[in-house]
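Numbers 907 to 1057, taken from the numbering used here, label the letters of the sequence shown in order.
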Amino acid sequence: MIRGIHGLLYSSDPNATRAFFRDQVKLPGCDIGRGWWIFDLPEGDLGVHPVEDPDDAGTHDVSFYCDDIQGMVRDMQKRGVVFTAAIADHGYGLVTHFEAPGGIKVQLYEPRYVKGAARPAAAAKPAKKPASKVSAKKSSPARKKSARSKR
907 MIRGIHGLLY SSDPNATRAF FRDQVKLPGC DIGRGWWIFD LPEGDLGVHP VEDPDDAGTH
967 DVSFYCDDIQ GMVRDMQKRG VVFTAAIADH GYGLVTHFEA PGGIKVQLYE PRYVKGAARP
1027 AAAAKPAKKP ASKVSAKKSS PARKKSARSK R
């Protein structure tokens, strides 16, 4: 079963790009060694868009989504993030774009669709029974030896 999606951003300045997403965008993650920082996002989704020019097929785009785009833009601007477009209504959500070091452009949007709607509802877990005390008889070394010898 696929549990998520892993993406890569190709940067002309990877150290600055990693620091930007870690320190200014505040994405969670960890250093896995030799300068590689892997960002651990809590959820994701994937869309497939048509292209008008067949030469554009195979390209990729990275977007981040949030619950309050106005507030998120204000917070990110306070940390020095530069937005390249005003927030606009694109039908599926409110959208803007920002730049990261290394020539990377990213879309930020507030979706109008319900996230996770296609996932099955989590089954209710049965309540755990309180742990009962194990009797001395059940845990005695003689009983364990006897059980092993019957195997």
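In this text, a Cβ means the ideal position worked out from N, Cα and C, and glycines have one as well.
Asked: Where the beta strand (DSSP E) through I1010 begins and ends; Found: 1010–1017
Asked: Helix, strand or coil at V1001 according to DSSP, with G and I counted as helix; Found: strand
Asked: Extent of the continuous alpha helix (DSSP H) run through I944; Found: Element bounds for I944: not the alpha helix (DSSP H) but the beta strand (DSSP E), 942–945.
Asked: Residues of its chain near A922, where Cβ-Cβ distance is below 8 angstroms and the 5 sequence neighbours each way are ignored; Found: P1007, G1008
Asked: Span of the alpha helix (DSSP H) around G977; Found: 975–984
Asked: CB contact flag (E1079, V988, <8 angstroms); Found: The question about residue 1079 has no answer, for the chain in this structure spans 907 to 1057.
Asked: Residue range of the beta strand (DSSP E) that includes I911; Found: First-last for I911: undefined, no H or E at that position.
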